[in-house]
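Enquirer:
Right under this line is the structure:
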């Protein structure tokens, strides 16, 4: 004879949670988890603070666990909160896409393709696929947003972006990766720098000069080879400026804040225009791979599916030497 559930067991009964859980509570919790306080979350949700607090209490009652530790000067997810946030992000992303998928159900290929990209993506192959796709499917629309590489991947993992084009440090088993192209980094200075225009430079001439770089230019991060190159050049320990955006790193180099790294093919036009000057080393430069990253668990609209297929096909049929920019 089947034994009746105890009160403790019934609190965590999967059927009960699935039956009673309000999806809006999960959406509110995702914002709470990504905020600095209840007030911050309320502002993001455009709700009153008491309403958000009540929603959190209702969700904790439904789940049967405390999700958020709050005290003066302290605001952090509990272990249960971190677990729920990880799952709720995916659920929230799937729910957000439902209306889009229904709206775009038509014989004609249309729909919105949201791409998150690192700021230094300069790739003729990608541009060609983009142009050909637009010619074939003019009703499809694109949104390309610039993020740091880690944030670009986070948007894909949360199912808020169709795919990302960025640098990759660690591989998430839930995501798929394909190398789009390879680029080489060199060191550059701007017109007002004392080394600008000199053709007789050696590595020794760089010693002690200040530098600027990317936020990911660290030994433990994705631009580690660039970090090693800067160290070999014996540039000064002080980095006078950092940014996750290539355009801002370039701005600081041109303005004379210091010597900094840039992809060679991206800097080529500025070198021709004498806005930048390459300094040693000239050989053995670090190679960095840029990847396409997508979420295999995301339900994509037709435009997203077709564009991703077109891009992957172009990658497969183009040898890596033709996707390597020096």
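Numbering (UniProt numbering), first residue to last: 1 to 326. We put the CB at the ideal spot given by N, CA and C, even for glycine. None of the values given here were measured: they were computed from a predicted structure.
Can you give the Cα-Cα distance for residue 70 and residue 35, rounded to whole angstroms?
Expert: If I take the Cα positions, the gap works out to 13 angstroms.
Enquirer: Under the rule that 16 or more other beta-carbon atoms within 10 Å means buried, what is residue 132, buried or exposed?
Expert: Residue burial annotation: residue 132 is exposed, with fewer than 16 other C-beta atoms found within 10 angstroms of its C-beta.
Enquirer: What residues are listed by DSSP as bridge partners for residue 245?
Expert: According to DSSP, residue 245 bridges with nothing at all.
Enquirer: So, for residue 222: in the same chain, excluding its five sequence neighbours on each side, which residues have a beta-carbon less than 6 angstroms away from its beta-carbon?
Expert: 167, 169, 216
Enquirer: Do residue 180 and residue 323 count as a contact pair if the criterion is CB distance below 8 angstroms?
Expert: yes
Enquirer: On a Cα-Cα basis, can you pick out the residue from 61, 189, 299, 294 that is closest to residue 91?
Expert: 299
Enquirer: Helix, strand or coil: which one does DSSP assign to residue 81?
Expert: helix
Enquirer: With contact counted as at least three CB pairs below 8 angstroms, one residue from each stretch, are the stretch 290-306 and the stretch 151-158 in contact?
Expert: yes
Enquirer: Report yes if the C-beta distance between residue 192 and residue 253 is below 8 angstroms; otherwise report no.
Expert: no
Enquirer: Taking its Cβ as the centre, do 16 or more other Cβ atoms sit within 10 Å of residue 24, making it buried, or is it exposed?
Expert: Burial is judged here by how many other beta carbons sit within 10 angstroms of a residue's own beta carbon; residue 24 has fewer than 16 and is exposed.
Enquirer: Mind listing, in chain order, the continuous beta strand (DSSP E) runs of no fewer than 3 residues lying wholly within the stretch 114-182?
Expert: 140-146, 163-166
Enquirer: With respect to the beta strand (DSSP E) encompassing residue 301, which residues constitute its N-terminal and C-terminal limits?
Expert: No beta strand (DSSP E) holds residue 301; DSSP gives it neither H nor E.
Enquirer: Hey, how far is the Cα of residue 237 from the Cα of residue 262?
Expert: One Cα belongs to residue 237, the other to residue 262, and the distance between them is close to 19 angstroms.
Enquirer: Going by beta carbon distance, what residues of the same chain come within less than 8 angstroms of residue 37, once the five residues before and after it are set aside?
Expert: 75
Enquirer: Whole angstroms is fine: what's the gap from residue 271's alpha carbon to residue 198's?
Expert: 13 angstroms
Enquirer: With H, G and I counted as helix, E and B as strand and the rest as coil, what does DSSP make of residue 291?
Expert: In the structure shown, residue 291 adopts extended strand secondary structure according to DSSP, grouped into three states.
Enquirer: Note down, in chain order, each residue of its chain lying with its Cβ closer than 6 angstroms to the Cβ of residue 196, except the 5 sequence neighbours on either side.
Expert: 189, 277
Enquirer: If you draw a straight line from the C-alpha of residue 124 to the C-alpha of residue 44, how long is it?
Expert: 38 angstroms
Enquirer: Please classify residue 336: is it buried, with 16 or more other beta-carbons within 10 angstroms of its beta-carbon, or exposed?
Expert: With the chain covering 1 to 326 only, the question about residue 336 has no answer from this structure.
Enquirer: CB residue 118 to CB residue 152, shorter than 8 angstroms?
Expert: yes
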